[in-house]
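Undergrad: Mind having a look at this structure? Questions to follow.
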Amino acid sequence: MLDTVVKPGAATDVAARGELACMAFRWMVLARVLDDKLAGMYRAGKIHGGVFLGRGQEALSVSVGLSLRKGDVFAPLIRDAAGRLAFGESILDPIRTFMGSPLGPMRGRDGNVHRGRPREGILPMISHLGAMISVVNGVLLARRFNGVKEVVGVASIGDGGTSTGAFHEALNQAAVEKLPLVVVVANNQYAYSTPNSRQFACRSLADRAAGYGIESKTADGTDLLECLEVMGGAVDRARSGRGPQLIVARLLRLCGHGEHDDARYVDAKLKASPTGRDCLKAAEDELLRQQWADATMIAAWRADAAHRVEEAVATVQREGAPDPFKERWCALASRHLSEGYDSE
Amino acid sequence: MSITYLEAIREAQARALAQDPRVFIYGQDVGAFGGAFKATKNLAAQFPGRVIDAPISEDAMVGMAVGAAIEGMRPIIEMQYADFSTAGFNQIVNQAATLHWRTNLPCPVTIRLPCGGTSGSGPFHSQTMESVYAHYPGLIVVTPATVEDAYGMLLEAVAIDDPVIFCEHKQLYNHLKADELPRETLPIGKARIAREGRDMTIVAYSAMVQEALAAADELATEGLHVEVVDLRSVKPLDTDTVMASVARTGRLLCVGESWPWGGVTAEVIARVATEGFGLLDAPPQRLNCRDTPVPYHPNLRAAHRPTIRAVAAAARSVLRH
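Going down the list, the protein sequences come from chains A and B. Under numbering that gives the first Met the number 0, the residues of the first sequence are numbered 0 to 343, in order. Under numbering that gives the first Met the number 0, the residues of the second sequence are numbered 0 to 320, in order.
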């Protein structure tokens, strides 16, 4: 198992940085292998609905997961398998949710990337972009009411989500309440097919922080070490009481919006640019260059990841499907106030 | 001593804050200012740090309430006007209303909507939203028509483990008075016979209960005995009490202040026609406001929503059949 020992903010010496980078890389590999498996299952018709992958965004995502600690709050978005796993989500949760297993956290009632365990700090996203940020604010406000200190909440979003009113309302709200919120924008250059040029007109999305009176930093989202450093710093600043933080990372989505999308609209020049490089390959090269890992170790990590994914998929495939006759068709916690439609 | 509908709402919030440390109030101008209608007057001073001014961000207000509810808090959100709740609609119907079903967690959020028009309020400060919210699974929608219910149902709403849309009618705020606060009220989900009568049933809710009662007074002078059922909550809707009344009277008029297409009155008629067709001696009728935005000028507004005269006229037509 991958136990998080070293935290990005604390990784100052070279040995600790190497240990952290190796751990991050292993989560990235696991997330990539999981994503590849889910894509294969989608093509084989084994998944209901869409499949949304985090290919190309693992470095940023894993940095979020590793920067947080138990007791923190994380509202991931659709490309955050690496961050979720690093934060503590079981690998069974994504597979069960994509397959609609009754044993998954959403029990077949919601699917794919719409999963979470709020009581364990992972908030299940709704599809409406920007809407989760104020929910994180509410969790943080409640913690403040209850005297819980040094807690941090992270909300992930993409470049497209920054155009929503909910994004603006929630950042402003967090700033007014001085909440320990970190909003991480993965600027993957396209919101579905819409490029940055049709999404916003400011020089950098990070400039928006000034309008809210909060701090911001940018990162090269293809560079694992930079992502770990920038995310770790933002989480530390939020934890120490410096208020909301905005992080904007530049990277490229190395897949379609979903697996139904061939992404032919992606600019070839962007793909060939530094923004288009694969963060996983870049991280591997860096590990080898720094001699934090060698090819044998990396091969073993890949084999371990493949084994874990295959084992988890095999487990979930044996679990069966939800039964509509056993489903409790009531949306209320207060069952006595149910209207009783369809109860017969 | 007498207490108004508005004071009852304030007193219920004061009691909720006093008896449960998980309760807090969040909304625009609710703090030191005491709210646009003074429904939170003095509460910020009485409960420091627990009556919080929000920026003008209805979406983020409701989102924050859901997050706090996930952590076990029991927030009360004040929308300045029911009309503005549409700016937080997504968080209400997609976040709050789906949370329990998706995650099995309770979502004890109370959202107060000051509903209905007063003279000169116009299209965006006069709406009644109960039919819209009642359409969504996962929400409870209550429409108190009395001072006692304003108090008792608000306290119950805060205690319920689901999101409650609390529709309080602005026209009742200061006009409706009671001698004292109730010690107990009927639970949410139970309708009330507001007036007994043998000739026909008028089902109403919120401020329309007052119009229906006045219409019943007028009809009584003509020797017509009208029963008035106050739904109290429109979701859940107490079909049993409605059906029992129709079984006694054989005739039904349902009155609501929201728009005529679909909605609460249509739901009541549909249920009675489906489950109690044989009880009816005449076709059931419904009366709503007109199918336009709420007008500004008092002359137009008076002709837009059901008045005592309109309710009485509709009742006579049901009785003539």
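Even for Gly, the Cβ is constructed at its ideal location relative to N, Cα and C.
In whole angstroms, what separates the C-alpha of threonine 295(A) from that of valine 308(A)?
TA: Answer to the nearest angstrom: the Cα atoms are 20 Å apart.
Undergrad: From isoleucine 246(A) to glycine 240(A), what distance separates their C-alpha atoms?
TA: One C-alpha to the other measures close to 17 Å.
Undergrad: Please give the ranges of any beta strand (DSSP E) in the segment 196-233 of chain A, keeping only runs that are unbroken, at least 3 residues long and fully inside the region.
TA: Correct list: 214-219.
Undergrad: Comparing alpha-carbon positions, which option in Gly66(B), Leu286(B), Pro107(B) and Gln18(B) lies nearest leucine 122(A)?
TA: When only C-alpha atoms are compared, the closest one is Gly66(B).
Undergrad: For threonine 142(B) and chain A, any beta-carbon pair shorter than 8 Å?
TA: Judged by the 8 Å Cβ criterion, threonine 142(B) is not in contact with chain A.
Undergrad: If we cut at 8 Å on Cβ distances, does lysine 176(B) have a partner in chain A?
TA: Answer no: the Cβ-Cβ gap between lysine 176(B) and chain A never drops below 8 Å.
Undergrad: Going by DSSP, what residue range makes up the beta strand (DSSP E) through methionine 199(B)?
TA: Counting along the chain, the beta strand (DSSP E) containing methionine 199(B) begins and ends at 199-203.
Undergrad: Would you mind telling me which residues of chain B sit closer than 7 Å to proline 117(A), beta carbon to beta carbon, in chain order?
TA: In chain order: Ile69, Thr102 and Leu104.
Undergrad: Could you please tell me which residues of the segment 201-220 of chain B, in chain order, have their CB closer than 8 Å to any CB of chain A?
TA: Answer set for the segment 201-220 of chain B: empty.
Undergrad: In chain order, which beta strand (DSSP E) runs of at least 3 residues are fully inside the segment 82-151 of chain B?
TA: Qualifying beta strand (DSSP E) stretches, in chain order: 109-114 and 139-141.
Undergrad: I need the DSSP call for phenylalanine 32(B), collapsed to helix, strand or coil.
TA: Reduced to three states, the DSSP call for phenylalanine 32(B) is coil.
Undergrad: Which residue wins for smallest C-alpha separation from valine 147(A), given the options Leu138(B), Trp100(B) and Glu70(B)?
TA: That would be Glu70(B), whose Cα lies nearest to the Cα of valine 147(A).
Undergrad: Can you give me, in chain order, the residues of the segment 176-196 of chain B that have a beta carbon less than 8 Å from any beta carbon in chain A?
TA: Listed in sequence order: Ile187 and Gly188.
Undergrad: Taking a cut of 9 Å between CB atoms, which residues from the segment 11-31 of chain B lie near chain A?
TA: Of all residues in the segment 11-31 of chain B, Pro20, Arg21, Phe23 and Tyr25 have a Cβ within less than 9 Å of some Cβ in chain A.
Undergrad: Can you tell me whether histidine 259(A) is helix, strand or coil according to DSSP?
TA: Reduced to three states, the DSSP call for histidine 259(A) is coil.
Undergrad: Taking beta-carbon pairs under 7 Å, can you tell me which members of the segment 170-185 of chain A lie near chain B?
TA: Against chain B - using a Cβ distance shorter than 7 Å - the residues of the segment 170-185 of chain A are Asn171, Gln172 and Val175.
Undergrad: Does histidine 335(A) come out as helix, strand or coil in the three-state DSSP assignment?
TA: Helix.
Undergrad: Measuring CA to CA, which of Ala38(A), Met22(A) and Leu139(A) is closest to alanine 85(A)?
TA: When each option's Cα is compared against that of alanine 85(A), the closest is Met22(A).
Undergrad: Between glutamate 338(A) and chain B, is the shortest Cβ-Cβ distance under 8 Å, so that the two count as touching?
TA: So yes, glutamate 338(A) belongs to the interface.
Undergrad: Compare the C-beta of glutamate 326(A) against all C-beta atoms of chain B and say whether one is closer than 8 Å.
TA: Judged by the 8 Å Cβ criterion, glutamate 326(A) is not in contact with chain B.
Undergrad: Run down chain A in chain order and give the residues with a C-beta less than 7 Å from the C-beta of valine 228(B).
TA: Those within 7 Å of valine 228(B) in chain A number zero; the least Cβ separation is about 18 Å.
Undergrad: Would you say asparagine 298(B) faces chain A, with C-beta separation under 8 Å as the test?
TA: Chain A contact via Cβ: absent.
Undergrad: Roughly how far, in whole angstroms, is the beta-carbon of arginine 250(B) from the beta-carbon of methionine 199(B), given that I think they are within contact range, below 8 Å?
TA: Correct: roughly 4 Å between the Cβ atoms.
Undergrad: I need the boundaries of the beta strand (DSSP E) containing serine 100(A), first residue and last residue.
TA: Neither: serine 100(A) is in no beta strand (DSSP E) and is coded neither H nor E.
Undergrad: Just to confirm before moving on: does the CB-CB distance between valine 241(B) and valine 208(B) stay below 8 Å?
TA: Cβ distance not < 8 Å, so valine 241(B) and valine 208(B) don't count as in contact.
Undergrad: Based on DSSP bridge pairs, tell me the residues matched to glycine 157(A).
TA: BP columns for glycine 157(A) point to Ala185(A).
Undergrad: On the criterion of 16 or more Cβ atoms from any shown chain inside 10 Å, does histidine 320(B) qualify as buried, or is it exposed?
TA: Exposed.
Undergrad: Is arginine 247(B) helix, strand or coil by DSSP?
TA: Arginine 247(B): helix per DSSP, three-state reduction.
Undergrad: Tell me, please, whether the CB atom of asparagine 136(A) is closer than 8 Å to any CB atom in chain B?
TA: True, the Cβ-Cβ gap to chain B drops below 8 Å.
Undergrad: Nearest-angstrom Cα distance between histidine 174(B) and alanine 314(B)?
TA: Their Cα atoms are separated by approximately 25 Å.
Undergrad: Here's a check: name, in chain order, each residue in its chain whose Cβ is nearer than 7 Å to the Cβ of aspartate 34(A), leaving out the five neighbours to either side.
TA: Excluding positions up to five away in sequence, the list reads Leu52, Gly53, Arg54 and Ala80.
Undergrad: Quick check on DSSP: helix, strand or coil for alanine 292(A)?
TA: If DSSP states are grouped into helix, strand and coil, alanine 292(A) belongs with coil.
Undergrad: Leaving out five residues before and five after glutamate 343(A) in sequence, what residues of the same chain have Cβ atoms less than 8 Å from its Cβ?
TA: Only weak support exists for where glutamate 343(A) lies, its pLDDT of 43 falling under 50; the coordinates are left without a value.
Undergrad: DSSP three-state call for tyrosine 4(B): helix, strand or coil?
TA: Reduced to three states, the DSSP call for tyrosine 4(B) is helix.
Undergrad: Count the C-beta pairs between the segment 87-101 of chain B and the segment 170-179 of chain A that are closer than 8 Å, then say yes if the count reaches three, no if not.
TA: Touching, no, given that fewer than three Cβ pairs across the two stretches are closer than 8 Å.
Undergrad: Under the three-state reduction of DSSP, which class applies to leucine 76(A): helix, strand or coil?
TA: Of the three classes helix, strand and coil, the one that applies to leucine 76(A) here is coil, per DSSP.
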